[in-house]
Amino acid sequence: MQGQVSEPTGSLADALGHAMRLLSRDPELAREQARAILEAVPRHPGATLILAAALRLSGDTAAALPVIDPLSRALPNAPDVQLEHGLVLLDTGRTQEAVAALRRATALDPDLGEAWRALSVGLTVLGDLVGAQAAGDRQVRASVRDPALVAAASALVEGRLPEAEHGLRAYLKARPDEPAALRMLAEVAARLGRYEDAERILTQTLAFAPGFTAARHNLATLLYRQNKTLEALRELDLLQAADPRHPAYANLRAAALVRIGEYEAATAIYREVLARHPHQPKGWMSYGHALKTLGRRAECEAAYRKAVEQAPMLGEAWWSLANLKTLRFSDADLAVMEGQLASADLGDEDRFHLHYALGKALEDAGRYEASFGHYARGAELRRVQIRYDADEATAHVARSKTLFTKGFFAERQGWGAAAPDPIFVVGLPRSGSTLIEQILASHSQVEGTMELPDVIAIAKRLGGRRGEGLYPEALATLDADALRALGEEYLERTRVQRKTDRPFFVDKMPNNFAHAGLIHLMLPNAKIIDARRHPLGCCFSGFKQHFARGQTFSYGLEDIGRYYADYVDLMAHFDAVLPGRVHRVIYEAMVEDPEGEIRRLLDHCGLPFEATCLDFHQNDRAVRTASSEQVRQPIFRDGVDQWRNYEPWLGPLKAALGPVLTAYPAAPVI
716 MQGQVSEPTG
726 SLADALGHAM
736 RLLSRDPELA
746 REQARAILEA
756 VPRHPGATLI
766 LAAALRLSGD
776 TAAALPVIDP
786 LSRALPNAPD
796 VQLEHGLVLL
806 DTGRTQEAVA
816 ALRRATALDP
826 DLGEAWRALS
836 VGLTVLGDLV
846 GAQAAGDRQV
856 RASVRDPALV
866 AAASALVEGR
876 LPEAEHGLRA
886 YLKARPDEPA
896 ALRMLAEVAA
906 RLGRYEDAER
916 ILTQTLAFAP
926 GFTAARHNLA
936 TLLYRQNKTL
946 EALRELDLLQ
956 AADPRHPAYA
966 NLRAAALVRI
976 GEYEAATAIY
986 REVLARHPHQ
996 PKGWMSYGHA
1006 LKTLGRRAEC
1016 EAAYRKAVEQ
1026 APMLGEAWWS
1036 LANLKTLRFS
1046 DADLAVMEGQ
1056 LASADLGDED
1066 RFHLHYALGK
1076 ALEDAGRYEA
1086 SFGHYARGAE
1096 LRRVQIRYDA
1106 DEATAHVARS
1116 KTLFTKGFFA
1126 ERQGWGAAAP
1136 DPIFVVGLPR
1146 SGSTLIEQIL
1156 ASHSQVEGTM
1166 ELPDVIAIAK
1176 RLGGRRGEGL
1186 YPEALATLDA
1196 DALRALGEEY
1206 LERTRVQRKT
1216 DRPFFVDKMP
1226 NNFAHAGLIH
1236 LMLPNAKIID
1246 ARRHPLGCCF
1256 SGFKQHFARG
1266 QTFSYGLEDI
1276 GRYYADYVDL
1286 MAHFDAVLPG
1296 RVHRVIYEAM
1306 VEDPEGEIRR
1316 LLDHCGLPFE
1326 ATCLDFHQND
1336 RAVRTASSEQ
1346 VRQPIFRDGV
1356 DQWRNYEPWL
1366 GPLKAALGPV
1376 LTAYPAAPVI
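Residue numbering for the sequence shown follows our numbering, starting at 716 and increasing by one per position.
In structure tokens:
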């Protein structure tokens, strides 16, 4: 028992071995044993290392640091010492120093699995997810000894995924329940985009190895990426019950809570993690995102500023400041951003974010030609990173028009789920959709949510794994029961986003215009609002906006012009085959006559007029879009014609829009 440890008896080696064994069973007893050895043999390296580890494991990292720090300096080539130094530094929030120590440990001993694991955690905290993944791969390789698994792990580390999969499947034929092999196979499946396979493999693994925390963390991350947020949180509950201070678990929980609209809880987690690990610029940035959504403008800007102070090259943090829309950069800010852009070592992601930020800064300064140059360069860099085929979007519209005829809908009248709850606001980004949502959410019967991914997820599933040529045609094969089940599935999937008992809610995913037919079939009583803005204003505003995800059409003037024209074409078709089904709000008309347009909007939704809808800017609800700051102000005309400052460079956009431009606000007659 603690307090009864006597001076070590027998050989020093025996005493050290005993203390080492105590570490895993009783760290406090190990601490007393190590101190007893050090009284007999002062400054003994082995006993000092055990003492530092015991202090850390018993929760006293503040006391562990002055023990391990001098030992680390004295023994820079001892991998176990560098590992312990890294673990202590990680626990005390000195993450960058911890990463440096752990890199030393792994360089000295590449088979030190615990060092790779800790390095993966440290890099995750710093926001280096690519590096964290690579360190995790190396941990897997270091943790296996079977030559077949070593070969598969090496192939995984080096990105030879088909080779890794072949080796793992061959291994698992003989040993189907080997957890390490199953975890690696799941990782291969996830990297190949086969998320359902990866989820199944990890679930199977945890069924007979429930304590395999690395696999459970993989599963939680995979569920989060698939928008299975509640399932991800359940896995995190188990992980954090065993390790409540693990920063990677905490950060993933915060991100998951943001996904379901629990912003206050998310910000509390970010605050706690940042208090323990203050030097993590991407953590400050994520904290800023959550604060922005809550409308806590000053705290949000301070968090973003903290991020760029810690990492001046972090382009996304500069863009996040620019994306506040109401912020004006100083000359000193411009000098820092331009200096970072001049660095040859800057990564492409940081570079294009800085171009977007400088585009906004120079726009505010009235230097429009230079501003356009930065916007165009940022879009060009982003465009090469994504896959977008404008011909596919045009073909989708053509196939939708062929399928969705008056007769098709008449044959299915009354099918689907009867619930009238959703109000879908569709269109293009930067068209005024957030303004419409804010107006509706200011009504006593309507709850605002955010851009929900659920319609798109259902459409993708209907399209099959390959997704080519099966959707929307697959809708023709569904009977009344199947369409009702889809509607009920949508309502169930979105229930987590509803925080009040208001009867209606807004789903403002703009891309849902492409799925208007699906929406009508599965939820015939839901309302559909089309938010439309002048094509040059809408398209150029989208072009100069870097979106965190999706909107892959927005990184070329010709692409976004064609996309807008396709959108107008499809919505004109629905106007013809389902007259009155879609209510259109013209942004410029809303600016000119807010009350008249708001009354017409509410009438279409079957809602009585409420004056609070005119005072939408006083609504303090969370808003998670680029327009979050703007909709907290009254409607103003300043933004309507901003595109005119850039008209000399918009020729490709005008050409792509064609007759849609001159016909606005109506659709061209074809």
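Ideal Cβ placement from N, Cα and C applies to all residues, glycine included.
Open item on the list: Quick check on the burial criterion: 16 or more other C-beta atoms within 10 angstroms. Buried or exposed for GLU1397?
Closed with: What is shown of the chain runs 716 to 1385, which leaves residue 1397 out entirely.
Open item on the list: Give me, in chain order, the residues of the same chain whose beta-carbon lies closer than 7 Å to that of ALA778; leave out the 5 immediate sequence neighbours on both sides.
Closed with: LEU770
Task: Between the CA atoms of TRP1130 and LEU1236 - distance to the nearest angstrom - done: 7 Å
Task: Three-way DSSP call (helix, strand, coil) for HIS1298 in this model - done: strand
Task: Between the CA atoms of TRP831 and ARG853 - distance to the nearest angstrom - done: 6 Å
TODO: Give the single residue among ALA1287, LEU805, LEU1365 and LEU921 whose Cα lies nearest to the Cα of ALA1113.
DONE: ALA1287
- [ ] For PHE1044, I'd like the list of residues in its chain whose CB is within less than 6 Å of its CB, leaving aside the five on either flank, ordered along the chain.
- [x] ALA1076
- [ ] From the DSSP output, in three-state form, read off ARG809 for me.
- [x] coil
TODO: Would you list the residues sitting across from LYS1242 in a DSSP beta bridge?
DONE: ILE1138
TODO: Drop a sphere of 10 angstroms on the beta-carbon of ALA1150, count the other beta-carbons inside from all chains shown, and report buried for 16 or more, exposed for fewer.
DONE: Looking at the sequence itself, residue 1150 is Leu, so the reference to Ala does not match. It counts as buried.
Task: Boundaries of the alpha helix (DSSP H) in which GLU1204 is found, first to last residue - done: 1195-1208
- [ ] Let me know if GLY1003 comes out buried or exposed under the rule of 16 or more other beta-carbons within 10 Å of its beta-carbon.
- [x] buried
- [ ] Could you check if ARG931 is buried or exposed, using at least 16 other CB atoms within 10 Å of its CB as the buried criterion?
- [x] Answer is buried; the Cβ neighbour count reaches 16.
TODO: Give every residue of the same chain whose Cβ lies closer than 6 Å to the Cβ of LEU1317, excluding the five residues on either side of it in the sequence, and list them in chain order.
DONE: Non-local C-beta neighbours of LEU1317 in its own chain, meaning closer than 6 Å and more than five positions away in sequence, comprise PHE1324, ordered along the chain.
Open item on the list: Tell me whether the region 1109-1126 and the region 1225-1232 touch, counting them as touching only if at least three CB pairs, one residue from each stretch, are closer than 8 Å.
Closed with: yes
Task: Coarse secondary structure for PHE1258, derived from DSSP in three states - done: helix
Task: Residue from PHE1228, VAL1292 and HIS1332 whose Cα sits closest to the Cα of TYR1282 - done: PHE1228
Task: Reduced DSSP category for PHE1123 - H, G, I as helix; E, B as strand; rest coil - done: helix
TODO: Look up GLY1163 in the DSSP assignment and give the residues it is bridged to.
DONE: Under DSSP, GLY1163 forms a beta bridge with VAL1221.
Task: Of the listed residues ALA1133, GLN1153 and GLN1128, nearest to VAL1140 (C-alpha basis) - done: Its Cα nearest to that of VAL1140, the residue GLN1153 stands out among ALA1133, GLN1153 and GLN1128.
Open item on the list: Please report the distance separating the alpha-carbon of PRO723 from that of VAL836.
Closed with: Low local confidence applies: a pLDDT of 42 at PRO723 is under 50, so the model's placement there is unreliable, with the coordinate-based value given in what follows. Straight-line Cα distance between these residues: approximately 36 Å.
Open item on the list: Less than 8 Å between the C-beta atoms of PRO894 and THR920, yes or no?
Closed with: yes
- [ ] Taking 8 Å as the cut-off, decide whether the C-beta atoms of ARG1161 and ARG1082 are in contact.
- [x] According to the sequence shown, residue 1161 is Val rather than Arg. No, the Cβ-Cβ distance between VAL1161 and ARG1082 is not below 8 Å.
- [ ] Closer than 7 Å by C-beta to ALA749: which residues in its own chain qualify, once you throw out the five before and the five after it? Chain order, please.
- [x] ALA734, ALA762, ILE765, LEU766 and ALA769
- [ ] Would you mind working out which of LEU841, LEU934 and GLY926 sits nearest ALA913, comparing C-alpha positions?
- [x] LEU934
Open item on the list: With DSSP as the reference, identify every bridge partner of ARG1247, one or two as the case may be.
Closed with: ILE1301
Open item on the list: Please return the same chain residues whose Cβ sits closer than 7 Å to the Cβ of PRO996, not counting the five positions on each side in sequence.
Closed with: GLY842, ALA1022, GLN1025, ALA1026, LEU1029 and ALA1032
TODO: Would you give the residue range spanned by the alpha helix (DSSP H) that ASP1104 belongs to?
DONE: Neither: ASP1104 is in no alpha helix (DSSP H) and is coded neither H nor E.
- [ ] Might you give, ordered along the chain, the residues of its own chain that have their beta carbon closer than 6 Å to the beta carbon of SER773, omitting 5 neighbours on each side?
- [x] Contacts found: PRO742 and GLU743.
Task: Neighbourhood of PHE1087 by C-beta, 7 Å cutoff - its chain only, sequence neighbours within 5 removed - done: TYR1361 and TRP1364
Task: Spatial distance of ARG809 from THR776 (CA atoms) - done: If you take the alpha carbons of ARG809 and THR776, they lie about 12 Å apart.
- [ ] Rounded to whole angstroms, what's the CA-CA distance from GLY1182 to ARG1299? Just pull it up for me.
- [x] Residue placement at GLY1182 is poorly supported in this model, since its pLDDT is 45, which falls under 50; the coordinates are not used for a value here.
TODO: Under 6 Å Cβ to Cβ from ALA1037, same chain only, skipping five residues before and after it: list those, please.
DONE: ALA1072 and LYS1075
Open item on the list: I'd like to check one pair, LEU876 with ALA833: are the Cβ atoms closer than 8 Å?
Closed with: no
- [ ] State yes or no: is the C-beta of TYR1270 within less than 8 Å of the C-beta of ARG1098?
- [x] Between TYR1270 and ARG1098, the gap from beta carbon to beta carbon is short of 8 Å.
- [ ] Could you name the residues of the same chain whose beta carbon sits closer than 6 Å to that of MET1224, not counting the 5 residues immediately before and after it, in chain order?
- [x] The beta carbon of MET1224 sits closer than 6 Å to those of GLU1166 and LEU1167, all from its chain and outside the five residues before and after it, given in chain order.
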